[in-house]
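The listed protein sequences correspond, in order, to chains A and B. To convert, count from 1 in the first sequence and add 12; that's our numbering. To convert, count from 1 in the second sequence and add 12; that's our numbering. Ideal Cβ positions, reconstructed from N, Cα and C, are used throughout, including at glycine. Since the model is a prediction, treat every value here as computed from it, not as a measurement. The next block holds one structure in the form of structure tokens; read it before the comments.
Protein chains: 2
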Amino acid sequence: MKENFPSRALGDAVEAIASLPGVGSRSALRLALHLLRQPSENISRFAEALGRLATDVHYCKTCHMVCDGDQCPICADARRDSRTICVVESVRDVLSIEATGQYRGVYHVLGGIISPMEGIGPSDLEIASLEERVKALGSCEVIFALSGDVEGETTAFYLYRRIAGEGVKITTLARGLGFGDGLEYADSLTLGRSLEARQPFKP
Amino acid sequence: MKENFPSRALGDAVEAIASLPGVGSRSALRLALHLLRQPSENISRFAEALGRLATDVHYCKTCHMVCDGDQCPICADARRDSRTICVVESVRDVLSIEATGQYRGVYHVLGGIISPMEGIGPSDLEIASLEERVKALGSCEVIFALSGDVEGETTAFYLYRRIAGEGVKITTLARGLGFGDGLEYADSLTLGRSLEARQPFKP
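Written out as structure tokens, the structure reads:
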């Protein structure tokens, strides 16, 4: 499609936008033409905001969350319980859990999940640093907040073998029917597992 | 949502992406995190490609199409018929018509459509320059390739009054049932108009 554009800058912009996941070439053209209709200061400001992703995003030395300096606001917050570490795959998971407003511990962002299919092994992830954190703390709780698919379970099992030890409590997110969900909407795997993992009723 | 981001650069990028039409804040976060996972050269190249929309896109002095210099490749192409001018609303319409491979004339990009509701009047559009082009040519054909809604018809009527004259043939795109479409899928307005504007059958 690119060679059809009479402006190389427009063609390059469309090609760049279309490289984003889930954005087709027609949407990319629509977005590029939308930008082009803006005053040029706005376009420049837009491009600079994206460019700063390359230069101004830092990662927390402790938990590997994105932040502005060496330490993220969560690790720096003395009111958070640094002996409870929630292990997640990505930055997005931290934002999702923070959005619940329910969690007062800290995080550890692995930066991915073990996936032999995609060639991602334990050494590609922030696993050694988790092991060090856990060892340094001595007694702590580590919560596995990983996805429920094969990769997530493989990663959880691998982490368990690396960090299990005296004083280390290891938990995982509860799984079951969604809260408020009726039985008729649950898939049979979820329903079967929920039955198997049934809990004492608390009246 | 912005204040929740532990990195200001990430928050700014998400906000910028979410300002695009049709992109919600969740998609914006997904796209920003996708970019963030790329090597920083790629992020910078991406941002520069968008930034060049502000600086490197020029407009053809004749037809106002986007291009790289003073004249677009279509106006510069001596094989195109410069006495047939297709009047369109936007850059995107030129790309759509070029994609058909059926048109050998030139274009005139109005840069919008007359819309009293949105406060866009004739003086906001490239109408005076169209009038000059038509006058300079003397005899020519002007094709109105505008949308079929009220704004499109208002604009066509206004243009007609400005450019009509001796030697100026004015035509408009054929409207009717889509080629290959069955009657059962046509809306009743289109079907009614197609009946009214019926054509001699050519066996």
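Segment limits, alpha helix (DSSP H) that includes residue i
i        : result
B:TYR172 : 162-175
B:THR183 : That residue, B:THR183, is in no alpha helix (DSSP H); its beta strand (DSSP E) goes 180-184.
A:ILE86  : 85-88
B:PHE58  : 52-67
B:GLU138 : Note, B:GLU138: premise wrong, no alpha helix (DSSP H); not H, not E.
A:ALA198 : Here A:ALA198 belongs to no alpha helix (DSSP H), and DSSP marks it neither H nor E.
B:VAL26  : 20-30
Cβ of residue i within 8 Å of any chain A Cβ
i        : result
B:ALA61  : yes
B:MET77  : yes
B:LEU122 : no
B:ALA209 : no
B:ALA25  : yes
B:ALA40  : no
B:SER127 : no
B:ILE86  : yes
B:ARG20  : yes
B:PHE58  : yes
B:LEU32  : yes
Local Cβ density within 10 Å of residue i, reported as buried at 16 or more and exposed below that
i        : result
A:GLU130 : exposed
B:GLY23  : buried
B:SER37  : exposed
A:GLU196 : exposed
A:PRO33  : exposed
B:VAL100 : buried
A:SER19  : buried
B:ALA148 : exposed
B:VAL103 : buried
B:PHE213 : exposed
A:GLU208 : exposed
B:VAL121 : buried
DSSP-derived helix/strand/coil call for residue i
i        : result
B:GLU101 : coil
B:SER127 : strand
B:SER108 : helix
A:HIS46  : helix
B:ARG205 : helix
B:LYS14  : Any reading at B:LYS14 needs caution, since the residue's pLDDT is 43, under 50, leaving its predicted position unreliable; the model's value is listed next. In the structure shown, B:LYS14 sits in a helix (DSSP, three-state: H, G or I).
A:ARG187 : coil
Whether residue i touches residue j by CB criterion (8 Å)
i        : j        : result
B:ILE125 : B:ILE132 : yes
A:ARG205 : A:ARG187 : yes
A:ALA168 : A:THR184 : yes
A:GLU110 : B:ASN54  : no
A:LEU45  : A:ILE29  : no
B:ILE155 : B:THR96  : yes
B:GLY160 : B:GLY179 : no
B:LEU62  : A:ALA25  : yes
B:TYR119 : B:CYS98  : yes
A:ARG116 : A:ARG92  : yes
A:CYS69  : B:LEU48  : The sequence shown places Val at residue 69 of chain A, rather than the Cys named in the question. Contact flag set, yes.
First through last residue of the beta strand (DSSP E) which encompasses residue i
i        : result
A:GLU153 : 152-156
B:VAL121 : 117-121
Neighbour flag for residue i against chain B, beta carbons, 8 Å
i        : result
A:GLU130 : no
A:PHE156 : no
A:VAL103 : yes
A:ILE97  : no
A:ARG64  : yes
A:LEU171 : no
A:LYS14  : Unreliable positioning characterises A:LYS14 in this predicted model, as indicated by a pLDDT of 43, which lies under 50. The coordinate reading is nonetheless provided below. Answer no: the Cβ-Cβ gap between A:LYS14 and chain B never drops below 8 Å.
A:GLU163 : no
A:ASP199 : no
A:ALA44  : yes
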